[in-house]
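Participant: Just dropping this structure here.
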Amino acid sequence: MSIYLDHAATTPMIEDAIAAMSAQMVALGNPSSLHTPGRASRKVIEQSRESLAAEIGCAPSEIIFTASGTEANNTALKGLYWKGRSVGRNVVVISAIEHHAILDPAQWLVDHEGAEVILIGTTNEGVLDISKLEELISRRADEIAVISVMHSNNETGVVQPIAEVVAVANAHSIPVHCDGVQSFKKVPLSFSDLQLTALSLSAHKIGGPLGIGILVLKRGLEIPALLHGGGQEREIRSGTLNAPAIVGFAAAARADYPSAQVKQLREELAAGIVRVIPDAYINGSGELLPGIVNATFPGTESDTLLLLFDGQGIAASTGSAC
Ligand SMILES: Cc1ncc(COP(=O)(O)O)c(C=O)c1O
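All residue numbers for the sequence shown refer to this note's numbering, where the first residue is 3 and numbers rise by one.
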């Protein structure tokens, strides 16, 4: 029997998403073309955009389709940095626990674009240290181009205090980007309620296809693009839209996530681990994603453990897959 315990890395596609995507894959038409097949393709994309916007709590026009969560993160972080730098702000503030899809573009901005990156650490419980952020903002608000904090962490599952981050940032008109890739559909997450400037999402973490992401970008805000070409998606993300992947994403986002059931399984697994292995302990506390158990097994080599699990048909992870 094989047991897949790595849904933070990627999830199996749900049937509705496969069906929607398969139907669209045989449909012809570039959504930017004016003829009938082109307009038909545009129509399904715009319907999907509306359906996704309802799930995200944003306006349809605030959705920019990208090819991944990684691309959405890069577009937001670099774009908001460049926009800020044009008015003399060169500081990028991120949490120390961001995914590499934020850590690495932030470092790239230091190496190539004159940015100063400041990392804000977490408490022992894995929650962003909001007092450190407040202290930094009280001293250097006028220099900060963008703050980026993930909605929940992909390794610990700890949900972060984004509403508090936005509250301190808004008081100084500092844009906030949030990597919501792990949280979307799993815990409450609304772009408009949180009053975010930008939010990144990815379909393959919620039963949708690989290779499609979303950058939600506040209405009316324009940022420099990474990709230039046909001018699609508010000229922020050029490239022919991937209609099959977009309808697959929308279908996956419409499905209910069985939070209560997954949470119950998490609690059973966590309790079972500490019962069978008394040395082991479970990390993370407070508000957690329903589907992540982060355990430490003292005295073990994580790679060896993973291979032993794999030999038993269990796919687990010792950290981010990439
Ligand atoms: C928190 C987080 N951000 C970003 C990404 C990148 O998303 P994608 O795989 O769509 O590039 C991932 C997953 O890989 C993730 O867990």
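Ideal Cβ placement from N, Cα and C applies to all residues, glycine included.
1. Could you tell me which whole alpha helix (DSSP H) segments of length 4 or greater appear in the segment 126-170?
2. Which residue marks the beginning of the beta strand (DSSP E) containing A297, and which one marks its end?
3. Cα separation between D106 and T77?
4. Taking Cβ positions, are T302 and N285 nearer each other than 8 Å?
5. Does T371 come out as helix, strand or coil in the three-state DSSP assignment?
6. Check whether the Cβ atoms of A147 and I122 sit closer than 8 Å, and answer yes or no.
7. Check the DSSP bridge columns for I192 and list the partner residues they point to.
8. With DSSP as the reference, identify every bridge partner of Y6, one or two as the case may be.
9. What did DSSP end up calling R91 once you bin it into helix, strand or coil?
10. Quick check: what's the CA-CA separation for V168 versus P246?
11. If you follow the beta strand (DSSP E) that H37 is part of, which residue opens it and which one closes it?
12. Just how far apart, CA to CA, sit A273 and P163?
13. Where does N75 sit, in a helix, a strand or coil, going by DSSP?
14. Report yes if the C-beta distance between P226 and W84 is below 8 Å; otherwise report no.
15. Please report how far the alpha carbon of V112 lies from the alpha carbon of V93, in whole angstroms.
16. Determine contact between the segment 47-63 and the segment 216-231, defined as no fewer than three beta-carbon pairs at a distance below 8 Å.
17. Tell me the rounded alpha-carbon separation between T158 and G128.
18. Would you list the residues sitting across from N283 in a DSSP beta bridge?
19. Put D305 into one of helix, strand or coil per three-state DSSP.
20. Note the first and the last residue of the continuous beta strand (DSSP E) segment covering L201.
21. Would you mind giving the Cβ-Cβ distance between V160 and L271, rounded to the nearest angstrom? I have them listed as a contact below 8 Å.
22. I'd like to know whether the C-beta atoms of V249 and G71 end up nearer to each other than 8 Å.
23. Determine, using beta carbons only, whether A255 and D18 come nearer to each other than 8 Å.
24. Check the DSSP bridge columns for G215 and list the partner residues they point to.
25. Quick check on S261: does DSSP put it in helix, strand or coil?
26. Should T68 be labelled buried (16 or more other beta-carbon atoms within 10 Å of its own) or exposed?
27. Considering only C-alpha positions, which residue in the set G293, T320 and G313 is nearest to D305?
28. Which one or two residues does DSSP pair with S97 in a beta bridge?
29. Helix, strand or coil: which one does DSSP assign to R239?
30. Determine, using beta-carbon pairs with one atom in the segment 9-18 and one in the segment 26-39, whether at least three such pairs fall under 8 Å.
31. Report yes if the C-beta of G71 is less than 7 Å from at least one heavy atom of ligand 1; otherwise report no.
Facilitator: Quick look at the numbers:
1. For secondary structure counted as the alpha helix (DSSP H) over 4 or more consecutive residues, the segment 126-170 holds these complete runs in sequence order: 132-142.
2. N296 to T298
3. Using only the alpha carbons, I get a separation of about 13 Å.
4. no
5. With the chain represented from 3 up to 324, any question about residue 371 goes unanswered, as that position is not in the structure.
6. no
7. For the record, residue 192 in the displayed sequence is Ser; it is not Ile. S192 is not bridged to any residue.
8. A317
9. coil
10. 34 Å
11. H37 -> no beta strand (DSSP E), and no H or E assigned at all.
12. 27 Å
13. helix
14. yes
15. 10 Å
16. yes
17. T158 and G128: Cα-Cα distance of roughly 8 Å.
18. Going by the sequence as given, residue 283 is Tyr instead of Asn. DSSP lists T298 as partners of Y283.
19. In this structure, D305 counts as helix in the three-state DSSP scheme.
20. A200 to S204
21. Not confirmed; about 17 Å, so no contact.
22. Not in contact: V249 and G71 (Cβ atoms no closer than 8 Å).
23. no
24. T68 and S204
25. Correct three-state label for S261: helix.
26. buried
27. T320
28. I122
29. For R239, the three-state secondary structure derived from DSSP is strand.
30. no
31. yes
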